[in-house]
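First residue of the sequence shown: 19, per the numbering used here; consecutive thereafter.
We put the CB at the ideal spot given by N, CA and C, even for glycine.
These numbers come from a predicted model, not from an experiment.
As structure tokens, the structure follows; a few thoughts come after it.
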Amino acid sequence: MISEVKRVVLVLSGKGGVGKSTVATQLALTLTNNKLKVGLLDIDLCGPSIPRMLNLEECHVQQTNEGWLPVSVDGCPLLSVMSIGFLLKGKDSAVIWRGPKKNAMIRQFITDVNWGSLDYLIVDTPPGTSDEHISVVECLKEYRTPDGAILVTTPQDLSIGDVRREITFCRKANINIIGLIENMSGYVCPHCSECTNIFSSGGGESLAKYADIRFLAKIPIDTKLGECTDDGIDFINNFNDSQTANIFDNMAQFEP
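Okay, here's the thing in structure tokens:
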């Protein structure tokens with residue numbers, strides 16, 4: 019249960035498509051690589067991508083007297099996962115629910131999953147600042163205040179503008195902002211490892227400075243990371259000497 023979790027960290031983004039779920043997954047894998055016991059809670063009800071990223075699409079959760087038992091990841095015994103994807107009939111099934119049903123499912127995810135003792139619970143939230151976010155925060159605060167939130171953006175002005183609203187949400191909800199990540203910040207050539215800024219760069223760092231929050235990292239576009247998330251392969255352990263894996267490792271040293 020949540021009461022046995024030492025730290026709860028939310029991963030938020032102002033808009034979809036910025037790599038929030040990828041960041042949450044790689045962060046969880048990096049923490050387990052540092053010998054920490056981690057739970058990964060996928061509350062992106064309409065776009066549950068984490069089961070595919072971890073090659074868990076055929077898995078199902080079990081109901082016990084103590085609640086739902088999260089799914090363990092093969093080859094990574096320190097990581098357990100809960101997602102709406104495990105409860106759907108198939109990978110093409112759509113969640114077509116009104117707000118009250120979504121909020122009820124979020125509450126059940128927070129109250130009825132038997133995580134056991136964890137060092138970290140990483141919560142992958144939906145994009146935006148909707149009532150689903152309010153439900154997550156309110157349900158968590160019934161048991162404990164989240165230790166903090168990590169915000170994910172891309173360098174473009176459109177994404178930066180949405181993250182400004184996410185910062186406002188966190189401050190109004192009294193959630194500590196651990197820091198900001200600028201994802202897709204440049205492209206790493208798979209042959210020479212040179213990083214080229216195919217989009218703009220530095221927008222996330224400028225926003226962090228303006229909002230007086232910590233800037234955690236710039237994560238480049240890495241073709242190996244994209245291939246691994248598509249194929250359900252553990253990028254952190256298979257490419258632990260890569261620039262991107264080192265960035266995640268440095269980022270995982272954060273203190274809420």
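Run of the alpha helix (DSSP H) containing residue i, from where it starts to where it stops
| i | result |
| --- | --- |
| Ile124 | Gly117 to Thr129 |
| Leu72 | Premise fails: Leu72 is in no alpha helix (DSSP H) and is neither H nor E. |
| Val41 | Lys38 to Asn51 |
| Asp270 | It is worth fixing the name first, because residue 270 is Ala in this sequence and not Asp. Counting along the chain, Ala270 falls outside any alpha helix (DSSP H), and DSSP gives it neither H nor E. |
| Asn256 | Phe253 to Asn256 |
| Gly222 | Gly221 to Ala229 |
| Leu176 | Asp175 to Lys190 |
Proximity below 9 Å, CB of residue i to CB of residue j
| i | j | result |
| --- | --- | --- |
| Ile124 | Leu198 | no |
| Leu47 | Leu97 | yes |
| Pro173 | Ser31 | no |
| Val170 | Leu59 | no |
| Val56 | Leu74 | no |
| Trp275 | Pro69 | It is not possible to answer for residue 275, since the shown part of the chain is limited to 19 through 274. |
| Leu158 | Ile128 | yes |
| Asp130 | Gly85 | yes |
| Thr214 | Lys242 | no |
Status (buried if at least 16 other CB within 10 Å, exposed otherwise) for residue i
| i | result |
| --- | --- |
| Cys207 | exposed |
| Asn264 | exposed |
| Gly7 | The question about residue 7 has no answer, for the chain in this structure spans 19 to 274. |
| Gly117 | exposed |
| Asn51 | buried |
| Asp180 | buried |
| Glu184 | buried |
| Ala167 | buried |
| Ile275 | Residue coverage of the chain in this structure runs from 19 to 274, which leaves residue 275 outside it and unanswerable. |
| Thr143 | buried |
| Glu244 | Inspection of the sequence shows that residue 244 is occupied by Gly rather than by Glu. Gly244 is exposed by the Cβ-count criterion. |
| Lys53 | exposed |
| Gly222 | buried |
Heavy atom of the ligand PLP within 8 Å of residue i beta-carbon
| i | result |
| --- | --- |
| Lys55 | This structure does not include the ligand PLP; it has no bound ligands of any sort. |
In DSSP terms, what residue i is bridged to
| i | result |
| --- | --- |
| Trp86 | Gln81 and Val131 |
| Glu150 | BP columns for Glu150 are empty, so no partner. |
| Tyr138 | Arg25 and Val56 |
| Asn201 | Ile237 |
| Leu169 | Leu30 and Leu198 |
| Val91 | Cys94 |
Range of the contiguous beta strand (DSSP E) that encloses residue i
| i | result |
| --- | --- |
| Leu97 | Cys94 to Ser101 |
Three Cβ pairs or more, each shorter than 8 Å: is that satisfied between the region 147 to 161 and the region 101 to 113?
no
Take every Cβ of the region 184 to 204, pair it with every Cβ of the region 33 to 40, and state whether three or more of those distances are shorter than 8 Å.
Touching, yes, given that three or more Cβ pairs across the two stretches are closer than 8 Å.
Spell out a yes or no on whether the region 251 to 268 and the region 180 to 195 are touching, meaning 3 or more CB-CB pairs, one atom from each, closer than 8 Å.
No, the region 251 to 268 does not touch the region 180 to 195.
With a cut-off of 8 Å, do at least 3 Cβ pairs link the region 21 to 30 to the region 230 to 245?
no
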